[in-house]
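Asks:
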Amino acid sequence: MSDAARQIDQAGTLDEEAGPLLDQAFIAKIGKLDLTTRRLLQGRQKGEKRSKKRGQSVEFADHRQYAPGDDLRFLDWSIYARLDRLMVKLFLEEEDLYVYLLLDASASMDYGRPNKFRYAQRVVAALGVIGLTKMNRVGVGAFSSELNRVFRPERGRRHLRKLLRFLEETPSDGRTDLAAACRRFALEHPRRGLVVLVSDFLDRGGYEEAIRYFVARRMDVFCLHVLSPQELDPPFAGDLKLIDAEDGEETEITVSRPLLAAYRRNLDAYIDGLRTFCHKRGARYLTVSTALPFERLVLDQLRQLRLVR
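Residue numbers (the numbering used here): 286 to 594.
(1) Pull the bridge partners of Leu538 from the DSSP assignment, please.
(2) Taking contact to mean at least 3 C-beta pairs separated by less than 8 Å, is the stretch 556–572 in contact with the stretch 488–506?
(3) In the DSSP assignment, the alpha helix (DSSP H) including Ser466 goes from what residue to what residue?
(4) Could you compute how far the alpha carbon of Leu371 sits from the alpha carbon of Tyr385?
(5) Throw me the rounded Cβ distance for the Asp485 and Val511 pair, which I believe falls under 8 Å.
(6) Taking all protein chains shown into account, decide if Leu368 is buried (16 or more other Cβ within 10 angstroms of its Cβ) or exposed.
(7) With H, G and I counted as helix, E and B as strand and the rest as coil, what does DSSP make of Arg569?
(8) Going straight from the alpha carbon of Pro578 to that of Thr321, what length do you get?
(9) So what does DSSP say about Ser574, is it helix, strand or coil?
(10) Would you say Leu525 and Glu535 are within 8 Å of each other, going by their C-beta atoms?
(11) For Arg581, count neighbouring Cβ atoms within 10 angstroms of its own Cβ and tell me buried if that reaches 16, exposed if not.
(12) I'd like the span of the beta strand (DSSP E) that includes Arg437, first residue to last.
(13) Taking the alpha carbon of Arg489 as the reference point, which residue from Glu454, Pro520, Glu531 and Val480 has its own alpha carbon closest?
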């Protein structure tokens with residue numbers, strides 16, 4: 286058997302990207318970019334970034350509704366006197382940004398050509414490099430049925446190799462449990478920041494609870510929905526036996542045009558539902574096919590959605 290044949294996995298994919306996640310030329314290119322957030326956050330140390338923070342700065346930024354636990358020193362009593370509403374003053378101050386990157390490392394991600402998991406690894410690697418280069422605190426969580434591996438928040442370029450090695454050594458295996466993994470990550474990382482969830486969102490338990498955990502903690506949430514061309518437009522016909530990548534369940538079907546049409550309608554409805562759920566809760570959302578060159582995703586689409594600039 287040839288070396289190429291040995292690299293064909295059970296999903297019928299070819300490991301075409303056996304090299305490094307990011308080459309040096311691309312690292313240099315994205316080093317000029319920065320990550321952006323739309324929420325009012327808090328941090329302890331001074332970073333390169335200017336973001337909104339509740340504190341004693343001379344520059345007033347905004348108001349928001351008082352929430353239990355807020356510092357009473359920053360209540361705006363003039364608004365309370367006029368409107369009978371408790372509002373907190375927010376100010377602009379220099380601070381570092383916490384960037385949390387969650388990577389779906391379940392078995393369903395190890396599918397497609399180009400491979401979904403490899404694509405997702407590269408996305409997380411690129412965002413991590415951008416964050417570390419700009420002196421943000423970058424943390425990563427890899428999950429399947431639970432939070433499997435964690436890269437604790439670090440800041441600075443000296444951690445680039447450590448981050449890339451962490452991602453390279455992360456395997457994809459097991460079932461998906463978005464809710465359990467995201468709940469644990471949120472509990473272990475209470476400081477507010479930017480959360481980027483990179484997943485195929487193929488979880489029988491649903492995605493709603495997982496996203497709610499971060500929204501409830503006032504995180505700035507970005508969901509990147511990664512799908513392969515074979516999932517978006519299945520190239521199948523005739524009698525097939527389908528095997529679930531995560532639990533091994535087998536189903537025999539006859540693929541016909543009406544069945545494929547119904548599949549596409551269901552997939553479109555699922556994507557629309559996830560997008561609507563995110564947008565209603567202030568989270569950003571993007572569906573991406575692994576057929577889209579990775580560089581275009583980072584340099585073009587993520588710029589258009591203002592995740593990077």
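We put the CB at the ideal spot given by N, CA and C, even for glycine.
Note that the structure is a prediction, hence the values are computed from the model and not measured.
Replies: On the basis of the coordinates in this document:
(1) Start at 1 with the first residue of the sequence shown, and residue 538 comes out as number 253. Note on residue identity: the sequence assigns Ile, not Leu, to residue 538. In DSSP, Ile538 forms a bridge with Leu525.
(2) yes
(3) As a working note, residue 466 is residue 181 in the sequence shown. The sequence given here has Ala at residue 466, not Ser. Element bounds for Ala466: Leu463 to Glu473.
(4) Residue numbering aside, residue 371 sits at position 86 when the sequence shown is read from its first letter. Residue numbering aside, residue 385 sits at position 100 when the sequence shown is read from its first letter. Their Cα atoms are separated by approximately 31 Å.
(5) What you label residue 485 is simply residue 200 of the sequence shown in a count that begins at 1. What you label residue 511 is simply residue 226 of the sequence shown in a count that begins at 1. Contact flag correct, Cβ pair sits at about 6 Å.
(6) The sequence position of residue 368 within the sequence shown is 83, counting from 1. That one is exposed.
(7) Residue mapping note: residue 569 aligns to position 284 of the sequence shown, counting from 1. Residue state, collapsed to three classes: strand.
(8) As a position in the sequence shown, residue 578 is number 293, starting the count at 1. As a position in the sequence shown, residue 321 is number 36, starting the count at 1. Their Cα atoms are separated by approximately 22 Å.
(9) Taking the first residue of the sequence shown as 1, we reach residue 574 at position 289. Looking at Ser574 - three-state DSSP - the assignment turns out to be strand.
(10) In the sequence shown, the residue the question calls residue 525 occupies position 240. In the sequence shown, the residue the question calls residue 535 occupies position 250. It is not a contact, given that the beta carbons lie outside the stated cut-off.
(11) Numbered from 1 along the sequence shown, position 296 holds the residue referred to as residue 581. The residue in question, Arg581, is exposed, as its Cβ has fewer than 16 Cβ neighbours within 10 Å.
(12) By one-based count along the sequence shown, residue 437 stands at place 152. Per DSSP, Arg437 belongs to the beta strand (DSSP E) from Leu432 to Glu439.
(13) Within the sequence shown, numbered from 1, the residue matching residue 489 stands at position 204. Minimum Cα distance to Arg489 is reached at Glu531.
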